[in-house]
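Asks: According to the numbering used here, the sequence shown is numbered sequentially starting from 2.
Glycine included, every Cβ here is placed at the ideal spot set by N, Cα and C.
Remember, it's a predicted structure, so these values are computed and weren't measured experimentally.
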Amino acid sequence: MLERKRVVRQHTESVDVLFVNPPSPDGLVYIRDINRHGRSSWERMIWPQTSLAYLAAVAEKEGLTVDIVDCIAEEIGWNEYRRLLGVLKPSFIVGNVISVTFGNDVSALRAAKDLSGAITIGMGPHLTNEPARSLREINGLDFIICHEAEGTLAELLALYRKNPEPSVARLSGIRGIAFIPGRIGLRAEDDVVITEQRPFIQDLDTLPRPRHDLLALDRYWAPFLGNYTFVEAARGCAYRCVFCRQAVMWQWKVRSRNGQKLAEEALYVHSLGVDNILFHADTFTLDTRMVEELCDSLIEKGSPFRWACNSHVKPLLKHPELLQRMKRAGCWMIAVGIESADNQVLKNIKKQITAEEAKTVISMIDSAGIEAWGYFVLGLPGDTRQTMRKTVRFAMKLPLKMAKFDIGAPYPGTEFYDYCRRNDYLRVNQYEQFDQNASAVVEYPHLSRREIKRTVWLANLLFLLQPRILRRIFSEMRDFRYLESVIRIVNDQTRLMSDGTLSRRFMKLFSGQREVS
């Protein structure tokens, strides 16, 4: 079997609050985040758990001991996870719960309740969208934190510290939570209590610095990114794409950090041994002043590390001068959400761009000496066989160093979901099937689920098989980890896009792995 040297964080002492990224339900890599849809990751992108690091800092500020167990990054399976729960014995356990692993994630929290009587707390867009339904659907969640979590978690932990058995009235005074009193032993009733929404944090720099040191920093990795981690730059987005879940979590409330303070945190993370930072934001370039302040601060320090970010087309179209400053500050890649090459489809999804504008911006990024990566979605409202092919041909002609094609997934809470429900286009009813990497859940009268899924698979394959992309892939294989990852990526992509039979044969042949019954 192919193996690599693993450096696993040691979790040896009991803690008050445990923050967990749960084990995988099936051996695939999953992306969980407080504001993202959540999905399987056939490209094997190990997603940094910076949102948990923020919450760990908040809990520590309340005088509690904390730890973070990232089962995806640390390759911790269910048996090892249960053993760790027995060692750590948390009083509280907190995690992001995503649609595609909904039952699995709640079970991970419930396991701590079974082993140590922990109070379980879940969060994220899936739970925020319909907290009452989520609480009723599955037993194991004591509390749901809706929307932004830091202030709510701090108040909830502080209340329990003062009174281990707080009243329903006291709990009901905490803004931003949902719970069932009977489930937490307060009184025998099954009515769901949903408290008033908590106002969003206006100044993100008032939050304590995230406990990056508790993360598995040596394990966060992605093809062509290498080892990296997140530093959060902003929350919220001014654009209203119909498929985006930030509308559920941040409700279009845009808040950016101070560029100088952002640089200070990034330099601190670099001091922990991370040489490649991805600035995490819904739209990083939206606040040009923040970007300028960040770049000037990093240039003054000699641009000591590589960094990457995302962008909507519009900000760079309006401020092309940003690109040279970003390049000087160490930016090597900008990921741009293009979605489609068809202007009517772009209008349908409220992208607020045209294909021609996207082409211009990608060329601008490339000319500035920065890698341009493009993200596309097939199976959106208005898509046809012709528009999907048009998008694939468009992507192939752009000077993109990497492209990724996803399946249009109408996650609950989005405008896309409401559109599909109204028109009876949804063909599944299980949360676990809402996965933009693996499952086509929408079927239009003129476009089948199978066609959408097959076109996405072919689009990714065709892009990667271009000679210039193949040369890049082979050049990366100097590191054995890349070779192993290519094998795993082929395996995961095959599993997600087929019934898995070929995948099992592939891994058995190349790694000696036994089939899992």
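1. Tell me whether Pro-49 is buried or exposed, calling it buried when 16 or more other Cβ atoms sit within 10 Å of its Cβ.
2. Could you tell me if Leu-89 is buried or exposed, where buried requires 16 or more neighbouring beta carbons within 10 angstroms of its beta carbon?
3. Does Ile-208 come out as helix, strand or coil in the three-state DSSP assignment?
4. Excluding five sequence neighbours on each side, which residues of the same chain lie with their C-beta closer than 6 Å to the C-beta of Leu-19?
5. Is the CB-CB distance between Leu-324 and Asp-384 below 8 Å?
6. So, His-12 versus Leu-110, is the Cβ gap smaller than 8 Å?
7. If you follow the alpha helix (DSSP H) that Lys-454 is in, where does it begin and where does it stop?
8. The alpha helix (DSSP H) spanning Asn-130 covers which residue range?
9. Using 8 Å for Cβ pairs, my map puts Val-275 next to Tyr-240. What's the rounded Cβ distance?
10. Could you check how far apart the C-beta atoms of Ser-304 and Gly-331 are, in whole angstroms? I think they sit under 8 Å.
11. Just to confirm my understanding: we take Pro-400, look at its own chain, exclude 5 residues before and 5 after, and list those with CB closer than 6 Å. What are they?
12. Going by DSSP in three states, Ala-342 sits in which element: helix, strand or coil?
13. Taking the alpha-carbon positions, what's the Ser-257 to Leu-466 distance?
14. What is the rounded straight-line gap between the Cα of Arg-469 and the Cα of Cys-147?
15. Please classify Asp-419: does DSSP put it in a helix, a strand, or coil?
16. Thinking C-beta only, is Pro-26 closer than 8 Å to Thr-102?
17. Run the proximity test for Asn-461: is its beta-carbon closer than 7 Å to any non-hydrogen atom belonging to the ligand ATP?
18. Contact check, Ala-150 vs Leu-208 under 8 Å by CB: the rounded distance?
19. Tell me whether the beta-carbon of Phe-417 lies closer than 8 Å to the beta-carbon of Leu-379.
20. Express the C-alpha separation of Glu-293 and Arg-326 in angstroms, rounding to a whole number.
21. Tell me, please, which residues DSSP counts as bridged to Ser-41.
22. Within the region 97-145, note down every full alpha helix (DSSP H) run reaching 4 residues or more, in order along the chain.
23. Helix, strand or coil: how does DSSP classify Leu-401 here?
24. Is DSSP giving Val-517 helix, strand or coil here?
25. Can you tell me whether Ala-170 is buried or exposed? The criterion is at least 16 other CB atoms within 10 Å of its CB, across all chains shown.
26. Measuring only the C-alpha atoms, how far is Gly-227 from Val-30?
27. What did DSSP end up calling Cys-296 once you bin it into helix, strand or coil?
28. Measuring CB to CB, does Gly-87 end up less than 8 Å from Leu-116?
29. What residue from Val-362, Pro-413, Ala-356 has the CA that sits closest to Val-393's CA?
30. Roughly how many angstroms separate the alpha carbons of Glu-44 and Ser-108, rounded to a whole number?
31. Taking the beta carbon of Trp-253 as the centre, do at least 16 other beta carbons fall within 10 Å, making it buried, or is it exposed?
32. For a test of the three-state rule: what should DSSP assign to Val-16, helix, strand or coil?
33. In terms of alpha-carbon separation, which member of Trp-333, Gly-237, Ser-42 lies closest to Val-255?
34. Looking at the secondary structure, which residues open and close the alpha helix (DSSP H) in which His-271 lies?
35. What is the residue span of the beta strand (DSSP E) that Ser-312 lies within?
36. Between the Cα of Glu-444 and the Cα atoms of Gly-125, Gln-434, Arg-428, Leu-459, which residue gives the shortest distance?
Replies: The short version:
1. Within the sequence shown, the letter at position 48 stands for residue 49. The residue is buried, with at least 16 neighbouring Cβ atoms inside 10 Å.
2. Position 88 of the sequence shown, counted from the first residue, corresponds to residue 89. Buried, because 16 or more other Cβ atoms sit within 10 Å of the Cβ of Leu-89.
3. Here residue 208 refers to the residue found at position 207 of the sequence shown. Inspection of the sequence shows that residue 208 is occupied by Leu rather than by Ile. Of the three classes helix, strand and coil, the one that applies to Leu-208 here is coil, per DSSP.
4. Locating residue 19 in the sequence shown gives position 18, counting from the first residue. Taken in chain order, the residues that qualify are Asp-68, Leu-89, Pro-91, Ile-94.
5. Position 323 of the sequence shown, counted from the start, is the residue given in the question as residue 324. Position 383 of the sequence shown, counted from the start, is the residue given in the question as residue 384. No, the pair does not count as a contact, with Cβ atoms beyond the cut-off.
6. For this step, residue 12 is matched to residue 11 along the sequence shown. For this step, residue 110 is matched to residue 109 along the sequence shown. Contact flag unset, no.
7. Here residue 454 refers to the residue found at position 453 of the sequence shown. Residues 450-465.
8. The residue labelled residue 130 in the question sits at position 129 within the sequence shown. Its alpha helix (DSSP H) spans residues 126-130.
9. The residue you call residue 275 lines up with position 274 of the sequence shown. The residue you call residue 240 lines up with position 239 of the sequence shown. Actually they do not touch by this definition, with Cβ atoms about 29 Å apart.
10. In the sequence shown, residue 304 corresponds to position 303, counting from 1. In the sequence shown, residue 331 corresponds to position 330, counting from 1. Sure, about 4 Å apart at Cβ, within 8 Å.
11. By one-based count along the sequence shown, residue 400 stands at place 399. Asp-367.
12. Reading the sequence shown from its first residue, position 341 is the one you call residue 342. Residue state, collapsed to three classes: coil.
13. On the sequence shown, residue 257 is found 256 positions in, with the first residue counted as 1. On the sequence shown, residue 466 is found 465 positions in, with the first residue counted as 1. Using only the alpha carbons, I get a separation of about 39 Å.
14. Position 468 of the sequence shown holds residue 469. Position 146 of the sequence shown holds residue 147. Near 45 Å, if we compare the C-alpha coordinates of Cys-147 and Arg-469.
15. Taking the first residue of the sequence shown as position 1, residue 419 is located at position 418. In the structure shown, Asp-419 sits in a helix (DSSP, three-state: H, G or I).
16. Position 101 of the sequence shown, counting from 1, holds the residue named residue 102. Position 25 of the sequence shown, counting from 1, holds the residue named residue 26. Yes. Within cutoff.
17. Annotation note on the ligand ATP: not contained in the displayed structure, which lists no ligands.
18. As a first step, residue 150 is located in the sequence shown; it is residue number 149 there, counting from the start. As a first step, residue 208 is located in the sequence shown; it is residue number 207 there, counting from the start. Ala-150 to Leu-208, Cβ: 11 Å. No contact.
19. Numbered from 1 along the sequence shown, position 416 holds the residue referred to as residue 417. Numbered from 1 along the sequence shown, position 378 holds the residue referred to as residue 379. The answer is no: Cβ separation not under 8 Å.
20. By one-based count along the sequence shown, residue 326 stands at place 325. By one-based count along the sequence shown, residue 293 stands at place 292. Arg-326 and Glu-293: Cα-Cα distance of roughly 8 Å.
21. Here residue 41 corresponds to residue number 40 of the sequence shown, with the count starting at 1. Per DSSP, Tyr-31.
22. 103-117, 126-130, 132-138
23. For the purposes of this step, residue 401 is taken as residue 400 along the sequence shown, with counting starting at 1. Here Leu-401 sits in coil by DSSP.
24. Residue 517 sits at position 516 when you count from the first residue of the sequence shown. Annotation note: pLDDT 25 at Val-517 (below 50); position unreliable, coordinate value reported separately. Coil at Val-517, not helix or strand.
25. The residue given as residue 170 occupies position 169 in the sequence shown. Label assigned to Ala-170: exposed.
26. Translated into the one-based positions of the sequence shown, residue 227 becomes position 226. Translated into the one-based positions of the sequence shown, residue 30 becomes position 29. Answer to the nearest angstrom: the Cα atoms are 16 Å apart.
27. On the sequence shown, residue 296 is found 295 positions in, with the first residue counted as 1. It is helical.
28. Walking along the sequence shown from the start, residue 87 turns up at place 86. Walking along the sequence shown from the start, residue 116 turns up at place 115. Yes, the pair counts as a contact, with Cβ atoms nearer than the cut-off.
29. Taking the first residue of the sequence shown as position 1, residue 393 is located at position 392. Checked all of Val-362, Pro-413, Ala-356; the closest Cα to Val-393 is Ala-356.
30. Position 43 of the sequence shown holds residue 44. Position 107 of the sequence shown holds residue 108. For Glu-44 and Ser-108, the distance between alpha carbons rounds to 26 Å.
31. As a working mapping, residue 253 is identified with position 252 in the sequence shown. Exposed, by the Cβ-count rule.
32. Taking the sequence shown and counting its residues from 1, one reaches residue 16 at position 15. Here Val-16 sits in coil by DSSP.
33. Taking the sequence shown and counting its residues from 1, one reaches residue 255 at position 254. Among Trp-333, Gly-237, Ser-42, the Cα nearest to that of Val-255 is on Gly-237.
34. As a working note, residue 271 is residue 270 in the sequence shown. Looking at the DSSP string, the run of the alpha helix (DSSP H) that includes His-271 is 260-272.
35. In the sequence shown, counting from the first residue as 1, residue 312 sits at position 311. Its beta strand (DSSP E) spans residues 307-312.
36. Position 443 of the sequence shown holds residue 444. Ranking Gly-125, Gln-434, Arg-428, Leu-459 by Cα distance to Glu-444 puts Arg-428 first.
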